[in-house]
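Asker:
2 protein chains.
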Amino acid sequence: MTLYLNLAELLGARIEQGLYRPGQRLPSVRSLSLEHGVSLSTVQQAYRMLEDNGLVAPRPKSGYFVTDHRSLPALPAISRPAQRPVDISQWEQVLELVRSTPQADVIQLGRGMPDVNSPTLKPLLRSLAQISRRQDMPGLYYDNIHGNLALREQIARLMLDSGCRVSPADLVVTTGCHEALSTSIRAVCETGDIVAVDSPSFHGAMQTLKGLGMKALEIPTDPITGISLEALELALEQWPIKLIQITPSCNNPMGYIMPEARKKALLTLAQRYDVAILEDDVYGDLAYTYPRPRTVKSFDEDGRVLLCSSFSKTLAPGLRIGWVAPGRYLERVLHMKYISTGSTSAQPQLAIADFIEAGHYHPHVRRMRSQYQRGREQMIDWVTRYFPPGTRASRPQGGFMLWVELPESFDTLRLNRALLEQGVQIAVGSIFSASGKYRHCLRMNYAARPTPQIEAAVRKVGETALRLLVEEHSPA
Amino acid sequence: MTLYLNLAELLGARIEQGLYRPGQRLPSVRSLSLEHGVSLSTVQQAYRMLEDNGLVAPRPKSGYFVTDHRSLPALPAISRPAQRPVDISQWEQVLELVRSTPQADVIQLGRGMPDVNSPTLKPLLRSLAQISRRQDMPGLYYDNIHGNLALREQIARLMLDSGCRVSPADLVVTTGCHEALSTSIRAVCETGDIVAVDSPSFHGAMQTLKGLGMKALEIPTDPITGISLEALELALEQWPIKLIQITPSCNNPMGYIMPEARKKALLTLAQRYDVAILEDDVYGDLAYTYPRPRTVKSFDEDGRVLLCSSFSKTLAPGLRIGWVAPGRYLERVLHMKYISTGSTSAQPQLAIADFIEAGHYHPHVRRMRSQYQRGREQMIDWVTRYFPPGTRASRPQGGFMLWVELPESFDTLRLNRALLEQGVQIAVGSIFSASGKYRHCLRMNYAARPTPQIEAAVRKVGETALRLLVEEHSPA
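Residue numbers (full-length UniProt numbering), protein chains in the order written: chain A, 1 to 476; chain B, 1 to 476.
1. To the nearest angstrom, how far is the alpha carbon of LEU55/B from that of ASP68/B?
2. Alpha carbon to alpha carbon, how far is ASP115/A from HIS362/A?
3. Residues in its own chain within less than 7 angstroms of GLY423/A by CB, not counting five upstream and five downstream?
4. Over the uninterrupted alpha helix (DSSP H) stretch that includes SER340/B, give me the two end residues.
5. Please list, in chain order, the residues of the region 327-354 of chain B that have any C-beta partner in chain A closer than 8 angstroms.
6. Interface residues of chain A around GLY63/B at Cβ under 8 angstroms?
7. Would you kindly work out how many angstroms separate the C-alpha atoms of ILE131/A and TYR141/A, rounded to a whole number?
8. Going along the region 421-444 of chain B in order, which residues come within less than 8 angstroms of chain A, judged by CB to CB distance?
9. From the beta carbon of ARG152/A, is the nearest beta carbon of chain B less than 8 angstroms away?
10. In chain B, what lies closer than 9 angstroms to GLN207/A by C-beta?
11. Beta carbons nearer than 7 angstroms to chain A: which residues of the region 113-137 of chain B have them?
12. Where DSSP assigns a beta bridge to ASN445/B, which residues make up the other side?
13. Note down, in chain order, every chain B residue with its Cβ under 8 angstroms from the Cβ of ILE145/A.
14. Given that ARG320/A touches chain B, what residues does it touch there, using C-beta distances under 8 angstroms?
15. Work out the CA separation of GLN90/A and ALA74/A for me, nearest whole Å.
16. Are there three or more Cβ pairs, one per stretch, closer than 8 angstroms when the region 20-31 of chain B is compared with the region 56-63 of chain B?
17. Identify the contact partners of ARG367/B in chain A, using a Cβ-Cβ distance below 7 angstroms as the criterion.
18. Pick from GLY18/B, GLY176/B and VAL98/B: whose alpha carbon is nearest that of GLY147/B?
19. Could you tell me whether the Cβ of PRO253/B comes closer than 8 angstroms to any Cβ of chain A?
20. With 8 angstroms set as the bound, which would you pick, yes or no: does the beta-carbon of HIS178/A sit closer than that to a beta-carbon of chain B?
21. Do ILE339/A and GLN245/B have their beta-carbon atoms positioned less than 8 angstroms apart in this structure?
22. List the whole-angstrom C-beta distance separating CYS250/B from GLY204/B, where the pair is believed to meet the contact cut-off of C-beta under 8 angstroms.
23. Please decide whether SER141/A counts as near chain B, where near means a Cβ-Cβ distance under 8 angstroms.
24. DSSP three-state call for GLU279/B: helix, strand or coil?
25. Mind the definition here: the region 374-383 of chain A touches the region 156-169 of chain A only if three or more C-beta pairs lie below 8 angstroms; say whether that holds.
26. Thinking C-beta only, is LEU171/B closer than 8 angstroms to ALA156/B?
27. Please go through the same chain and pick out, in chain order, the residues whose beta-carbon is closer than 8 angstroms to the beta-carbon of GLU260/B, but skip the five residues on each side of it.
28. Check whether the Cβ atoms of LEU413/B and ARG439/B sit closer than 8 angstroms, and answer yes or no.
29. Taking the beta strand (DSSP E) that ILE194/B falls in, what are its first and last residues?
30. May I ask which residues mark the beginning and end of the beta strand (DSSP E) holding LEU243/A?
31. Does any residue of chain B bring its CB to less than 8 angstroms from the CB of THR225/A?
32. When the distance is taken between beta carbons, is LYS263/B closer than 8 angstroms to ASP193/B?
33. Which residues of chain A have a Cβ atom closer than 9 angstroms to the Cβ of THR191/B, listed in chain order?
34. Could you give the C-beta distance for PRO248/A and GLU279/A, rounded to a whole number, given that I count them as a contact under 8 angstroms?
35. Per DSSP, which residues does THR221/B bridge with? Please list them.
36. For the region 304-317 of chain B against the region 268-282 of chain B, are there 3 or more C-beta pairs whose distance is under 8 angstroms?
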C-alpha cells in the first residue's frame with residue numbers, strides 16, 4: 001500500500017472512532033508531514049482522498065475539517081459477483097435504454113451523456129461548419145483505414161497527459177469507443193473465450209462480449225480501489241482467461257480511480273499469466289484531480305494493453321470519434337476496424353484535430369471537470385435528502401455518474417417502470433452485470449447543470465423508491 | 001427465360017453469325033414486335049440489353065445499328081472458382097489498397113470512390129454546415145440505436161424505386177455499408193459457418209467473412225446474368241450453407257444486373273433450402289436503365305433477405321451512412337449494431353434526410369448515372385486501344401467499375417507494383433476471390449470525368465501490362 005493510502009486509512013479510522021468530531025479542525029498538512037515522516041504532497045494526497053470519500057472538507061485558508069459525514073450515504077460494499085464464467089444476459093434492458101431518443105418531456109438520468117452546452121465547445125461547431133464549406137470537401141472522401149493523421153498526432157499529444165508515449169502510427173481512429181472496444185476484443189479473443197471484467201461494469205462492453213460469443217468472469221470490485229487483484233489472481237489461476245477488461249480511471253459506473261500502485265500490480269499480474277488488458281479510458285480526462293491519473297497503458301512495455309478511448313465524454317458523443325492504441329495487436333485491430341465500418345468519417349476527425357491544435361481542448365475539459373465535480377456534490381446532497389434511509393452511494397473521483405445502492409431486496413426494474421410514467425429515466429443496475437446482479441442498484445447522470453427540474457426528477461426517484469420499499473414490506 | 005432475353009439471344013446470334021453486318025440497320029422495334037408476337041417494350045428491352053453488351057447502338061431517329069463489335073474486348077468467361085468452402089486470404093492486398101490516402105500525385109483507379117464534385121451535391125454540403133450552426137446542436141447527441149427517424153422515412157421512400165415496401169421501423173441506419181454487411185453476417189452466422197458468395201465478389205464483404213471466422217464457398221458467376229443458380233443449387237445440396245451473399249444489381253466488380261427472373265429463382269432456391277440472403281445493393285440506384293432494377297428483397301415475403309446499402313456510392317463515402325433492412329433478423333442486427341458502434345453519427349443523417357426530402361436525390365443520381373454511363377464507354381474505348389490483344393472486359397450495366405481480364409498467366413500484383421512507381425494504382429483481381437484467384441484480372445474506376453491525366457494513367461496500365469507480358473514470354 002502506498003504512503004498516502006496508509007495515512008488516509010489511519011486518519012479515516014480516527015474520524016470513525018470519534019477522535020476527531022464533525023466540524024473539528026484536523027491537523028495541518030505540515031504537522032502531519034512531520035509526525036509521519038512523509039512529504040507534504042503525500043499528506044495532501046491523503047486529505048484529497050478523504051475529501052473524495054466525504055470524510056473531510058477543506059475550508060479556504062483554514063485547513064481541513066471533519067464533515068458531518070454521518071449524514072452522507074455510506075459507500076457501497078465491495079461487490080460479490082458469482083465467480084465463474086457466465087453467458088451475458090440483460091440485452092433487453094440495455095436495448096430499452098439505448099432505443100430511447102432524447103425527449104423534451106423525459107429527464108434522462110440514465111444515459112452516459114455529457115453536457116454539450118458549454119460555450120467552450122463553440123469552436124468545434126464552427127470547425128464542423130467550415131469543413132463542410134471547404135472547396136476540396138475532405139469530408140466526402142474515404143479516409144485511410146488508420147484515421148486522419150492530423151487527429152492521430154493530436155491524440156498522441158493528449159495521451160502524454162496520462163504518461164503514455166505513443167506515435168500516431170500506433171493509433172487507430174474508430175467510430176466512437178464502442179468500435180474501439182469491439183475491434184479490440186475481437187483482435188484478442190475468439191468465440192467461447194473467457195474475459196475477466198470489473199464488476200459492476202459498463203453495459204456496452206459487456207454486451208459486446210455477449211454479441212461476440214464470449215463469457216464474462218466478473219471479479220469483485222472495491223468502490224474506492226477498483227478490481228480486487230487478489231480475486232483476479234485466483235481467477236487467473238483457475239480459468240483460461242484471455243483478456244482482462246477494466247475501466248480503472250473514473251470507472252463507469254462507480255467513479256473510482258484505481259491507485260497507481262494497483263494499476264502497476266495489475267499489469268504485473270497480466271504479464272505473469274500472459275493475458276492482454278483492455279483498458280477503457282473514456283472518462284480518464286475527466287478526473288477531478290490534476291494531473292489526471294496515469295493509465296495502465298502508460299506502464300506497459302510489451303504491448304499487451306489495448307487502450308480504448310473516445311471524445312464522447314470529453315467533447316460530444318454525437319461526433320462518434322474514438323480511438324484505440326492496440327499495442328502488439330495493431331494489425332488485428334486494423335482488420336477488425338476495416339470489416340466493422342471501413343474508414344471513419346473524415347469531417348468530425350478534422351474538426352476535432354483543429355479544436356485540439358488551436359488549444360481549445362484543455363480549457364474545455366478543465367471547465368467540464370469542475371462543473372462535474374460540483375454536480376457530484378449536488379447529486380450526493382439530493383440523494384442524502386430524498387432517498388430512503390440505508391441508501392448507499394459511490395464517491396466518484398471523475399466523470400459524471402453516481403452509483404446508488406438500495407436495500408438488497410429492491411428491484412430497480414420496477415422502479416424504472418414507475419418512473420417512466422412520471423417522465424424520469426434511470427439506468428437499472430442489472431445491466432452492469434453479466435448475470436443480472438445489482439438489481440437493487442441504479443446509475444444516475446449529473447452532467448447537466450443543476451436545475452429545479454433535475455432536482456424534482458431525482459426527488460421523484462428517491463420518493464418512488466421509498467414508496468416501493470414501503471409497499472414491499474406491508475402485508476398484501 | 002423471359003421473352004426479352006430470348007429475343008436478345010436470337011438477335012445476338014444473328015449478329016454473331018454475320019446475318020447483320022457491322023454498320024447495318026437492324027429491324028425496327030415495331031416490325032420485330034409483329035414478327036415475334038411480343039410487346040414493343042419487350043423488343044426495346046432486348047435492344048437495350050444488346051446495346052449494353054456492345055453489340056448494337058441506337059442512332060437518334062434512325063433505330064438500332066450493328067456496332068463494329070469485333071473491335072470491342074470480348075466478355076470474360078463465366079468464372080470457375082474452386083467449389084469448396086475455403087478460409088479467406090488476401091488481407092494483406094486489401095490492406096495495401098485501403099491504407100492508401102488520396103494523394104495528389106497518384107491516380108487511384110483502384111478504389112470504389114464515386115465522383116463527389118458534382119454541383120448537384122452542393123445542397124448536401126450546405127445542410128451539413130447548417131446543422132453545425134443550429135442552436136440545439138443535434139449533431140452532438142447520441143442518436144437512438146435505429147438511426148434518425150426522418151432519414152429512415154426517406155430511405156423507405158427511396159426503396160420504393162426498387163419495388164421494396166418497408167416501413168421506417170424495418171430499417172437500421174449504419175456507419176456505411178461495411179457496418180450493414182458485418183452486422184448482417186453476424187446476425188445470421190456463427191464462427192465456422194459456410195457462406196455462398198458470387199465470384200468475383202466485393203473484397204470488403206469477403207474480408208468480413210474472414211474476420212468473423214466464416215468460410216466462403218465461391219459460386220461460378222456469369223458476367224451478364226450473375227451467380228449460376230445451377231451451381232448454387234448443387235452447392236446447397238452438398239454443403240450446410242447458412243447464407244448466400246450477393247450483389248445482384250450493378251455487381252461489384254463485374255457490373256452485371258441479374259435478370260429479374262433469376263432474382264426470383266434465387267429467392268425460391270433460398271426458401272427451398274431455408275437459407276438467408278444478404279443482398280448488397282450499394283450500386284443499385286446507379287443502374288443505367290430506368291426504372292432501376294428490382295431487388296431480390298422486393299420479392300421477399302418471409303423476411304429472409306437482409307438488404308444492405310448506403311449512400312457511399314450515390315452521394316459520398318465520407319459521410320459513412322448506410323442502412324440495412326434485415327427482415328426477420330431485425331433484433332439480432334440491432335444488437336450487433338449496438339456493439340459495433342453504438343449509435344450512428346447524427347449530423348450526416350440529418351443532412352442526408354434534408355437533401356432527399358428537398359428533392360435533390362433523384363436529379364443528382366440521374367446526373368451521375370449518365371456521367372458514369374459515358375465514363376464506361378470512354379473506359380472501354382481506352383482499354384480497347386491501349387491494352388494487350390486478348391484482353392477481356394466486362395460490360396457494366398450500372399456503377400463505375402470495369403473488370404478487366406488479362407491472359408491466364410498474368411500477375412496483376414506485379415503490374416500494380418510497377419504502376420505505383422509511375423503514380424497509378426489499380427485494384428488487383430486476387431482480392432475479389434476468397435482463395436486468391438483472378439490474379440490475372442484487375443478492376444478500374446471510371447467515376448471521374450475523363451481527363452488527359454486519367455487517359456494517360458489507363459494507357460500506362462495497358463502498356464505496362466503489355467511490357468510485362470512480353471517479358472514473361474521472352475527467354476530470360
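Even for Gly, the Cβ is constructed at its ideal location relative to N, Cα and C. Computed from a predicted structure; not experimentally measured.
Answerer: Result, derived from the coordinates:
1. Those two C-alpha atoms are separated by around 8 angstroms.
2. The C-alpha of HIS362/A is placed about 16 angstroms away from the C-alpha of ASP115/A.
3. Leaving aside the five residues that flank GLY423/A on each side, the residues in its chain whose CB is nearer than 7 angstroms to its CB run, in chain order, ASP105, VAL106 and ILE107.
4. 330-341 is the extent of the alpha helix (DSSP H) around SER340/B.
5. With the criterion set as a beta carbon lying under 8 angstroms from some beta carbon of chain A, the members of the region 327-354 of chain B are LEU334, HIS335, MET336, TYR338, ILE339, SER340, THR341, GLY342, SER343, THR344, SER345, ALA346, GLN347 and PRO348, in sequence order.
6. Correct list: empty, because the minimum Cβ distance to chain A is about 42 angstroms.
7. Rounded to whole angstroms, ILE131/A to TYR141/A spans 12 angstroms at the Cα level.
8. Listed by position, the residues of the region 421-444 of chain B near chain A (Cβ gap below 8 angstroms) amount to none.
9. Not closer than 8 angstroms to any Cβ of chain B, the Cβ of ARG152/A fails to qualify, so no.
10. Contact of GLN207/A with chain B by beta-carbon distance below 9 angstroms involves HIS335, TYR338 and ILE339.
11. Under the 7 angstroms Cβ criterion, the region 113-137 of chain B contributes MET113, VAL116, LEU125, LEU128, ALA129, SER132, ARG133 and MET137.
12. Per DSSP, MET401/B.
13. Residues of chain B with a Cβ closer than 8 angstroms to the Cβ of ILE145/A are, in chain order, LEU95, VAL98 and ARG99.
14. What ARG320/A touches in chain B: THR175, THR341, GLY342, SER343, THR344 and SER345.
15. Taking the straight line from one Cα to the other gives about 28 angstroms.
16. Segments in contact, yes.
17. Chain A residues near ARG367/B: none, gap ~16 angstroms exceeds 7 angstroms.
18. The option with the nearest alpha carbon to GLY147/B is GLY176/B.
19. PRO253/B is outside the set of residues whose beta carbon lies under 8 angstroms from a beta carbon in chain A.
20. Yes, HIS178/A lies at the interface with chain B (some Cβ there is under 8 angstroms from its Cβ).
21. Taking 8 angstroms as the Cβ cut-off, GLN245/B and ILE339/A do not qualify as a contacting pair.
22. So it is not a contact: roughly 16 angstroms between Cβ atoms.
23. Residue identity differs from the one stated: residue 141/A is Tyr in this sequence, not Ser. At least one chain B Cβ lies under 8 angstroms of TYR141/A.
24. Looking at GLU279/B - three-state DSSP - the assignment turns out to be strand.
25. No, because fewer than three Cβ pairs between the region 374-383 of chain A and the region 156-169 of chain A fall closer than 8 angstroms, the two stretches do not touch.
26. In this structure, LEU171/B lies closer than 8 angstroms to ALA156/B by Cβ.
27. In the same chain as GLU260/B, and ignoring 5 residues on each side of it, the C-beta atoms closer than 8 angstroms to its own belong to THR2, PRO293 and ARG294, in chain order.
28. Contact flag set, yes.
29. Where ILE194/B is concerned, the enclosing beta strand (DSSP E) starts and stops at 194-198.
30. 241-246 is the span of the beta strand (DSSP E), which, as asked, contains LEU243/A.
31. For THR225/A, the nearest beta carbon of chain B is not closer than 8 angstroms to its own beta carbon.
32. Their beta carbons are not under 8 angstroms apart, which means ASP193/B does not touch LYS263/B by this criterion.
33. Residues of chain A whose Cβ lies closer than 9 angstroms to the Cβ of THR191/B are, in chain order, GLU190, THR191, GLY192 and GLY213.
34. Rounded, the Cβ-Cβ distance is 7 angstroms, consistent with contact.
35. As computed with DSSP, THR221/B is found in a beta bridge with ILE227/B.
36. Counting C-beta pairs with one atom in each stretch, the region 304-317 of chain B and the region 268-282 of chain B have three or more that are closer than 8 angstroms, which means they touch.
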